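Participant: The structure follows.
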Amino acid sequence: MALAIETAKAGAVRGEVPIGAVLVCDDKIIARAHNLKETLADPTAHAEILVIREGAEKLGRWRLDDCQLYVTAEPCVMCMGAVIQARIPMLVYGATEKKYGGVESTASLGHHPMLPKQMEIYAGICEAACEELLTTFFENLRTAENG
22 MALAIETAKA
32 GAVRGEVPIG
42 AVLVCDDKII
52 ARAHNLKETL
62 ADPTAHAEIL
72 VIREGAEKLG
82 RWRLDDCQLY
92 VTAEPCVMCM
102 GAVIQARIPM
112 LVYGATEKKY
122 GGVESTASLG
132 HHPMLPKQME
142 IYAGICEAAC
152 EELLTTFFEN
162 LRTAENG
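Just add 21 to the spot in the sequence shown (first one is 1) and you have my numbering.
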């Protein structure tokens, strides 16, 4: 999770909402990314989507059923759908996303029948650090807008 947090911080420097994701397979980092929605003007350029795409490309397969995904915030519905489609068996995330969270907050895809049978979901890992990233980013954004 430390690498996901570091990656999220790099996104904040670029003006992106600081969400970082890391995809691991066989104890090796396959991909890491932060949000690029603003940079790419692409509403699907979430950190989770980017690492799933990169991981699938590097591994040469769309089934990532031996990988783990670490994310600094609860994935949204779109990203959780991608996790399910990629058959990722383990999801670890930090901050709960009360407004857009698709695992357990606004939608309960964490309990969806299409989940991989043995999927493990770990929430609240390094939660305070992950929440602080988001809180600070949005406070600074509001200050700049009102500045």
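No residue lacks a Cβ here, since even glycine has one placed at the ideal position from N, Cα and C.
All figures in this text were calculated on a predicted structure; none of them were measured in a lab.
Hey, would you say H55 sits closer than 8 Å to A29, going by beta carbons?
Facilitator: yes
Participant: Could you give the residue range of the alpha helix (DSSP H) that holds A128?
Facilitator: Per DSSP, A128 belongs to no alpha helix (DSSP H) and is neither H nor E.
Participant: Does I50 pass the burial test, meaning 16 or more other C-beta atoms within 10 Å, or should it be called exposed?
Facilitator: So I50 counts as exposed.
Participant: Name the two residues that bound the continuous beta strand (DSSP E) containing E141.
Facilitator: 141 to 143
Participant: How is C100 classed by DSSP in three states: helix, strand or coil?
Facilitator: C100 falls in the helix class under three-state DSSP.
Participant: What's the C-alpha gap between W83 and A77?
Facilitator: 5 Å
Participant: Can V98 and A144 be called in contact, C-beta distance under 8 Å?
Facilitator: No; because the gap between Cβ atoms is not below 8 Å, this pair is not in contact.
Participant: Roughly how many angstroms separate the alpha carbons of D87 and N167, rounded to a whole number?
Facilitator: 46 Å
Participant: Compare the C-alpha of F159 against each of A23, I73, E37, L24 and name the closest.
Facilitator: Of the listed residues, the one whose Cα sits closest to F159 is E37.
Participant: Since I believe I73 is in contact with L85 (beta carbons under 8 Å), could you give me their beta-carbon distance rounded to a whole number of angstroms?
Facilitator: 7 Å
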